[in-house]
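Student:
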Amino acid sequence: MNKELRLHQLLRKKVFLLTYVCFLLTFSSFIFSNSTTNNNCSYFSESGNRNAIFPLSYLPNSVNFVLNSPSDELIDGRFTIGYGNKSILFGYPYSFSTSHFVLQSSGKYASNNPELSQTKALKGVLVSEIDEYSNTIFTSKVIYTYDNLLITQTLEPVGENLEDLENTSKGNFYKIEYEIENQSDAPRDIEFTLLLDPMIDADDVCKMSANGSNIKMDKKFESENIPFHFSFYNGDLQAQLITKHQKAISPDLAYIGQWAYLTSVLQLEQQDVGKYTDDSAIILRWNSQPLKKGELRTFRVFYGVPKGKSGINLQHHNPNKKSQITLYFDANESVLSDTEEARLRDFIGARRWKAALVEGYTDAKGSEKLNLELSKDRISGVSYALQMFGIKYEKILRKSHGEFFARDDSAARGKGEQSDRKVVVTVWR
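For the record, in the sequence shown the residue sitting at position 199 is 196 according to this note's numbering, with numbers rising by one throughout.
The structure is reproduced here in structure tokens:
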């Protein structure tokens, strides 16, 4: 049975259920709102996004995928990509992502990163093509609504020359595409930013090039100077980001900098933020343009592995049953105290965790370079303890922040802040 026929049959089986669920949600919302007129609670408060549920008619006519039930498949849509069992974006293969997008609509901000302040957190309906034998997601669409805009994120495997594929399990690149349609009567000024956090194999620190020439962090490209492609590599494994191509829609700005800085900004400014970390990321920005009623604007780049290789995979951010602990250190120390080690042992317990994220921090006392190394040493010590407590080395993700997030004033630089000397461990199932 060919893929398109199978997908259509599965779709027909789910359409009735989806329509019924949407009807119940709409009816329940109406009843609930009438019974709580003077109450600030919302029927949709659990999902955190009232706009995440919308009628079936909102879906684009081109969607030919399995439609997942909105009652349990509302996701933020963040994603990670890998080649084989190796990562080319941070978090693969453990359903964890540190990449995201930011949408500005006439001065208002929204993002699929719920940890980004001053933005509306978006969740959408997942529409995906899933392998029926392995449950692997090859192609996915996540559909959001915000400010009377319909936002469609499409992640689709393509070939080494960016051609469409019949067998999407053999892709070289992922097409990363966003379509924004204005469904309001009023025009909107739309600006779009995409942040990608490369991680090559198990190393979050990778070498970089633009059009084949080596580059370092804090490098900015604009307009005609945007490279045709960026490369991120570590040993024999290389990932490419294609930004200029007849099938791509080139951004107006590309900036390679520190992930810790880029992941927290809305308006990118060229400024000296210090070299607190060697963890690089790239921001792509398409400048603000007016979008009239009914108009559609598209943003598109490609990310994957070079020619001669194929078989990249996708996972969405979905750390189930997440738990977190913060471990503290004495000044200039990277070894866990007996007390903190016991706390970590009790925290991990006998449960079987899928993976762990270990983030290292320091206070602001001392040099940026030494503090970066100290944060890495703290990560190494905690990672070793995690292995002793049953989490395998390859299941531990690491991010070294140095003093980037430390309290930074004269007092803190003089004595250091105890609460900044830490490692944060996040585990999930």
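In this text, a Cβ means the ideal position worked out from N, Cα and C, and glycines have one as well.
What span of residues does the beta strand (DSSP E) with residue 297 cover, start to end?
Tutor: The count along the sequence shown starts at 1 and reaches residue 297 at position 300. Counting along the chain, the beta strand (DSSP E) containing residue 297 begins and ends at 293 to 301.
Student: Enumerated in chain order, which unbroken segments of the alpha helix (DSSP H) with a length of 4 residues or greater are wholly contained in the region 272 to 343?
Tutor: Counting whole runs of 4 or more residues, the region 272 to 343 contains no alpha helix (DSSP H) stretch at all.
Student: Since residue 79 is in the beta strand (DSSP E), which residue starts that stretch and which ends it?
Tutor: Working through the sequence shown from its first residue, we reach residue 79 at position 82. If you look at residue 79, you'll find it in the beta strand (DSSP E) that goes 76 to 80.
Student: Below 7 Å CB to CB, which residues in the same chain sit around residue 359 once its five sequence neighbours on both sides are set aside?
Tutor: Position 362 of the sequence shown, counting from 1, holds the residue named residue 359. For residue 359, where only same-chain residues beyond five positions count, the Cβ hits under 7 Å are 368, 371, 372, 399, 400, 403, 417, 418.
Student: Between the region 227 to 234 and the region 112 to 125, can you find at least three pairs of beta-carbon atoms closer than 8 Å?
Tutor: no
Student: With distances taken between CB atoms, is the gap from residue 256 to residue 198 smaller than 8 Å?
Tutor: For this step, residue 256 is matched to residue 259 along the sequence shown. For this step, residue 198 is matched to residue 201 along the sequence shown. It is not a contact, given that the beta carbons lie outside the stated cut-off.
Student: Using the C-alpha atoms, what's the distance from residue 171 back to residue 245?
Tutor: Along the sequence shown, read from residue 1 onward, the residue named residue 245 stands at position 248. Along the sequence shown, read from residue 1 onward, the residue named residue 171 stands at position 174. Their Cα atoms are separated by approximately 12 Å.
Student: Leaving out five residues before and five after residue 387 in sequence, what residues of the same chain have Cβ atoms less than 7 Å from its Cβ?
Tutor: Start at 1 with the first residue of the sequence shown, and residue 387 comes out as number 390. Same-chain partners within the cutoff: 345.
Student: In terms of alpha-carbon separation, which member of 350, 298, 340, 150 lies closest to residue 477?
Tutor: What the structure shows of the chain is the stretch from -2 to 426, and residue 477 is not part of that stretch, so it cannot be assessed.
Student: Could you tell me the boundaries of the alpha helix (DSSP H) in which residue 258 lies?
Tutor: For the purposes of this step, residue 258 is taken as the residue at position 261 of the sequence shown. Per DSSP, residue 258 belongs to the alpha helix (DSSP H) from 256 to 259.
Student: With distance defined between alpha-carbon atoms, name the residue in 376, 381, 361, 389 nearest to residue 409.
Tutor: If you number the sequence shown from 1, residue 409 lands on position 412. Residue 409 has its Cα closest to that of 361, out of 376, 381, 361, 389.
Student: If you follow the alpha helix (DSSP H) that residue 186 is in, where does it begin and where does it stop?
Tutor: Taking the first residue of the sequence shown as position 1, residue 186 is located at position 189. Element bounds for residue 186: not the alpha helix (DSSP H) but the beta strand (DSSP E), 185 to 193.
Student: In the DSSP assignment, find the beta strand (DSSP E) that holds residue 205 and state where it starts and stops.
Tutor: In the sequence shown, residue 205 corresponds to position 208, counting from 1. Element bounds for residue 205: 204 to 207.
Student: Output the distance between the C-alpha atoms of residue 250 and residue 385, rounded to the nearest integer angstrom.
Tutor: Numbered from its first residue, the sequence shown carries residue 250 at position 253. Numbered from its first residue, the sequence shown carries residue 385 at position 388. Going by the C-alpha atoms only, they are around 45 Å apart.
Student: Across which residues does DSSP place residue 121 in a beta bridge pair?
Tutor: In the sequence shown, residue 121 corresponds to position 124, counting from 1. Residue 121 is bridged to 72.
Student: If we count the other Cβ atoms within 10 Å of its Cβ and call it buried at 16 or more, is residue 356 buried or exposed?
Tutor: For the purposes of this step, residue 356 is taken as residue 359 along the sequence shown, with counting starting at 1. With 16 or more Cβ atoms within 10 Å of its Cβ, residue 356 is classed as buried.
Student: Starting from residue 425, follow its DSSP beta bridges and name the residues at the other end.
Tutor: Residue 425 sits at position 428 when you count from the first residue of the sequence shown. 352, per the DSSP bridge assignment.
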